[in-house]
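Chains as they are written, first to last, in my numbering: chain A, 1 to 148; chain B, 1001 to 1148. Even for Gly, the Cβ is constructed at its ideal location relative to N, Cα and C. Here the structure is a predicted model, which is why all the values come from computation and not from measurement. To keep things clear, I will list the structure first and then write my remarks on it.
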DNA sequence: TTTCATGTAACTTCAATAGTTATGATTCGG
DNA sequence: CCGAATCATAACTATTGAAGTTACATGAAA
């Protein structure tokens, strides 16, 4: 399949929303992400289902963050997106009769399980507030550079 | 794309070859792996290029392991296959101008880099001999169970 | 020289996200 | 109430790379 960039997308969208006062429309977000508003609705819909954002129709409608930035972690977002497969590599057969293949699967499964546990643990440590703070640092640095 | 199962495939193939005296043909291996001999040649070709196996044409031809089972690690095989992407998830844009996206990428890249380092380290610790030994244990267990 | 085997090109299939088009359903301003 | 703004959703097509298939060329051995 194509690389799954939905986690990256929703993070990008959420941080832009966090920098704004009012709601942002799917069109606004689509411009920020250089994509299509339907893709935005489709992906952000998962976050709405998870209670992280709300969407309003009609005039002055759009998307708003309802959760606390310091509480929502990358792990929450990954879960909200349906816990998509993290690895592009895996076993060819999950429940083989062949003992050789069982030995191969056992070794690979063990390694992948450890890497996945580490990745999810890291995701659980990073909040939207952390990313917003990092953005602020980068923004200040750029302003300073322009000053010189 | 489809899940990449080439590492799993070549491990399965190599262990079957290790259990045999003579060479195995692509057809033999294709039967073990429940796939097509052309797929076997295509995939095993990477291992031949890396010096792990050799292939001979004609009568009594086929594939043979030339490397030491206790030396070849999963890491060697992963490298021989061209170090394919391990993750199915990633950034939507690797070098964005947008500072928000840069902050998002930095956080994701860090987490993925740590998980990848762990996974590759584990791969580096597991040799073909380890897997062959694990297979032997499983085989003995199955024989014992049949005895009862 | 025939048979067995690999080597390889050129496809089709597959799976899941990304992207597009079209239409319907709400909400709100006037 | 009308119409514009906005989301909701269905139904496509595009994309990407591995997997699978077909066909044919090449080389080695009986």
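Residue j beta carbon less than 8 Å from that of residue i
i: residue 88/A; j: residue 1003/B; result: yes
i: residue 80/A; j: residue 46/A; result: yes
i: residue 15/A; j: residue 123/A; result: no
i: residue 1023/B; j: residue 1062/B; result: yes
i: residue 1007/B; j: residue 115/A; result: no
i: residue 1065/B; j: residue 1017/B; result: yes
As assigned by DSSP and simplified to three states, the class of residue i
i: residue 1048/B; result: helix
i: residue 55/A; result: strand
Per-residue burial, residue i [other beta carbons within 10 Å of its own, 16 or more giving buried]
i: residue 59/A; result: exposed
i: residue 1036/B; result: exposed
i: residue 74/A; result: buried
i: residue 1086/B; result: buried
i: residue 137/A; result: exposed
i: residue 107/A; result: buried
i: residue 148/A; result: exposed
i: residue 38/A; result: exposed
i: residue 1143/B; result: exposed
i: residue 1071/B; result: exposed
i: residue 1101/B; result: buried
Anticipated Cβ contact below 8 Å, residue i with residue j, distance rounded
i: residue 1011/B; j: residue 1077/B; result: 7 Å
i: residue 1128/B; j: residue 1069/B; result: 4 Å
i: residue 1092/B; j: residue 5/A; result: 4 Å
i: residue 40/A; j: residue 30/A; result: 5 Å
i: residue 1044/B; j: residue 1013/B; result: 7 Å
### Message
Quick check on the DSSP output: what are the complete alpha helix (DSSP H) runs of length 4 or more inside the segment 1022 to 1105 of chain B, in order along the chain?
### Response
1026 to 1033, 1037 to 1049 and 1074 to 1080
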